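Its first residue numbered 620, the sequence shown is counted upward by one per residue in the numbering used here. Reviewing the structure listed below.
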Amino acid sequence: MPDDFHSYQGKLLISNSSIVTDAFHKSVIFMIEHDKQGAFGLVVNKKTERKLFELVPALPFEYSYDVPIFWGGPVDHTFVSILHDHSSAIDPGIEVIPGVYISRSFELLNHIIKIRGCHFIILQGYSGWGSGQLESEFER
620 MPDDFHSYQG KLLISNSSIV TDAFHKSVIF MIEHDKQGAF GLVVNKKTER
670 KLFELVPALP FEYSYDVPIF WGGPVDHTFV SILHDHSSAI DPGIEVIPGV
720 YISRSFELLN HIIKIRGCHF IILQGYSGWG SGQLESEFER
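Structure representation (structure tokens):
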């Protein structure tokens, strides 16, 4: 990997089939982490047919029945995460960029679905690349 490494952490990547595989065609990927060891991102524009109550049945139905699940990427569909803007939560998670947090906490999810005015999306799966893989996708 060249010494002039540029991190895309906190950026939105808009893909097309000439950049990455067809699974990512017309995807918008929010880059959570990106360093010389690899990259981790979430596809934020592909809503699935599933609802939150199907994925996490322990949540109160009245709050989770109409919350959509987004496809975060092709890796590990047991990986469920929350992107949100609720900075005043006791443990909001990791701040990716100012005002945007990622968390995997059930307690936070249970709290956040009940708050009006809080912006969030629930994602299942993620997108990951090993060292140099994302950069090689850009070169294609």
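Every residue gets a Cβ at the ideal spot worked out from N, C-alpha and C, and that includes glycine. Source: prediction; values computed, not measured.
query: Exposed or buried, ILE701, counting other C-beta atoms within 10 Å across all chains shown (16 or more means buried)?
result: On the sequence shown, position 82 is the one that residue 701 refers to. Flag for ILE701 reads buried.
field: At least three beta-carbon pairs within less than 8 Å, the stretch 621 to 633 to the stretch 703 to 713
entry: no
task: Would you verify that the beta carbon of SER646 is, or is not, closer than 8 Å to some beta carbon of chain D?
output: Among the protein chains of the structure shown there is no chain D, as only one such chain exists.
Short Cβ contact (8 Å threshold) for TYR627 with PHE698: Position 8 of the sequence shown, counted from the start, is the residue given in the question as residue 627. Position 79 of the sequence shown, counted from the start, is the residue given in the question as residue 698. In this structure, PHE698 does not lie closer than 8 Å to TYR627 by Cβ.
- prompt: Is GLY712 closer than 8 Å to LEU728 when the C-beta atoms are compared?
  reply: The residue labelled residue 728 in the question sits at position 109 within the sequence shown. The residue labelled residue 712 in the question sits at position 93 within the sequence shown. The answer is no: Cβ separation not under 8 Å.
- prompt: How about ASN664 and SER646: are their beta carbons less than 8 Å apart?
  reply: What you label residue 664 is simply residue 45 of the sequence shown in a count that begins at 1. What you label residue 646 is simply residue 27 of the sequence shown in a count that begins at 1. Yes, these two residues count as a Cβ contact at 8 Å.
field: Buried or exposed by the 16-neighbour rule on C-beta atoms within 10 Å, applied to LEU632
entry: Counting from 1 along the sequence shown, the entry for residue 632 is found at position 13. It is buried - the Cβ of LEU632 has at least 16 other Cβ atoms within 10 Å.
query: Apart from the five residues just before and just after ILE716, which ones in its own chain have a Cβ nearer than 8 Å to its Cβ?
result: The residue you call residue 716 lines up with position 97 of the sequence shown. GLY629.
Whole-number beta carbon distance between ILE651 and VAL686, since they are thought to touch under 8 Å: The count along the sequence shown starts at 1 and reaches residue 686 at position 67. The count along the sequence shown starts at 1 and reaches residue 651 at position 32. Not really, about 21 Å apart at Cβ, beyond 8 Å.
field: Residues near ASP654 by beta carbon distance below 7 Å, same chain, minus five either side
entry: For this step, residue 654 is matched to residue 35 along the sequence shown. So the qualifying residues of the chain are SER626.
task: Tell me where the alpha helix (DSSP H) around GLN752 begins and ends.
output: Residue mapping note: residue 752 aligns to position 133 of the sequence shown, counting from 1. Per DSSP, GLN752 belongs to the alpha helix (DSSP H) from 752 to 758.
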